[in-house]
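Note that the working numbering has the sequence shown beginning at 9, numbered continuously upward.
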Amino acid sequence: MKKPFFHPILLVCITFAAALPGPLAAQNTRITDLVLTDEVFLELYRGTVASKNRILKHERKSIYDNPVIYSYMLKQGEDIWTLIARSSLNIDTIATLNRVDFIGMLGEGVTVYLSDTLGLFFEKEGSDIQVLADRYSVPPEEVLIVEDPVSPGGELFFLPETRLSFLERTYLTGVVFYAPLIGSESSKFGTRADPFVNREAFHGGIDIAAREKTRVHAARRGSVVFAGESGDYGNLVVIEHELGYHTLYAHLASIGVEAAEAVESGQIIGTVGNTGRSTGPHLHFEIRRFDWKLNPDNIPFFLGTP
Ligand SMILES: [Zn+2]
């Protein structure tokens, strides 16, 4: 199996970039309150309502201009649903512009970027304009290039007034995954003190403490792409799902599936163990998309194992 890689430095940069208003967030595009008496918010609102109405009426403008990007820091109790309810924006626009893996990433204190035109944003680097145009049924000449507010200096493709697929949107909400087991989270995703060496290290998943031999379930249906011993991971199962998503189950005592096997959501794939680089019986659980490690704690809730 290819050695798993991650980008701790890049992740940290993105986290900090998201926390600070970028150079695009000029004074007049920073929203203070999500109310119509906030003049900046009112400008955004006029744009998003017009855009949403065109989508509802299946109309398209003859020419789209670059969207105006606003910034707003979420207040206590606010999340993506607050933004959607107040602004007429949708999950697709907010999640792709802010490079959100799971919508739970947007909470109090996070600066979000809001576009006055609904649509989809993709990092220009590594994206193919024709592939995007075909996938989201938009003429390639209507794809715009805009500055990336999240990573200043970068550019994004913007596909005005297009939508994600139902499956893509469902993954963004995170409610496609079943709990791999019932246990208490003993270690979170992110930078932490490494239990083996006296320095900070990046933890690419969550640890769920459970008794040895507790059954581990597939978080979603898919195809087993790895089942066996893998260095620090000990006994490891990797399942491939749709859209480039993978889940990993490490430190298992026993493995109950084989590579290339199709598994159903909730199927037992092994038991909790203490194999590999582990200090006690627990499941190390990861969710990845295209080798990016995502934070499972940004999923609002896991479905109950069937
Ligand atoms: Zn772990």
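Glycine included, each C-beta is placed from N, C-alpha and C at the ideal position. This structure is a prediction, so every number in the text was calculated from the model and none was measured.
- Uninterrupted alpha helix (DSSP H) stretches at least 4 residues long and entirely within the region 33 to 104 occur at 47 to 64 and 88 to 95, given in chain order.
- Assignment of E266 by DSSP, reduced to helix, strand and coil, places it in the coil class.
- In the DSSP annotation of this structure, T181 is not part of any beta strand (DSSP E); the continuous alpha helix (DSSP H) holding it starts and ends at F174 to T181.
- Beyond the five residues adjoining it in sequence on each side, P203 comes within less than 7 Å, by CB distance, of T287 in the same chain, given in chain order.
- For L140, no beta strand (DSSP E) segment is defined; the enclosing uninterrupted segment is the alpha helix (DSSP H) at I137 to R143.
- Non-local beta-carbon contacts of R177 in its own chain, meaning distances under 7 Å to residues more than five positions away in sequence, involve I99 and D100 in chain order.
- C-alpha of P160 to C-alpha of T45: approximately 30 Å in a straight line.
- Counting along the chain, P168 sits inside the beta strand (DSSP E) bounded by residues E163 to P168.
- Rounded to whole angstroms, the Cβ separation of F197 and G212 is 7 Å, and the two are in contact under 8 Å.
- Assigned with DSSP and collapsed to three states, L302 falls in strand.
- DSSP lists no beta-bridge partner residue for S286.
- If you ignore the 5 residues before and after R207, its C-beta comes within less than 8 Å of the C-beta of A201, all in its own chain and listed in chain order.
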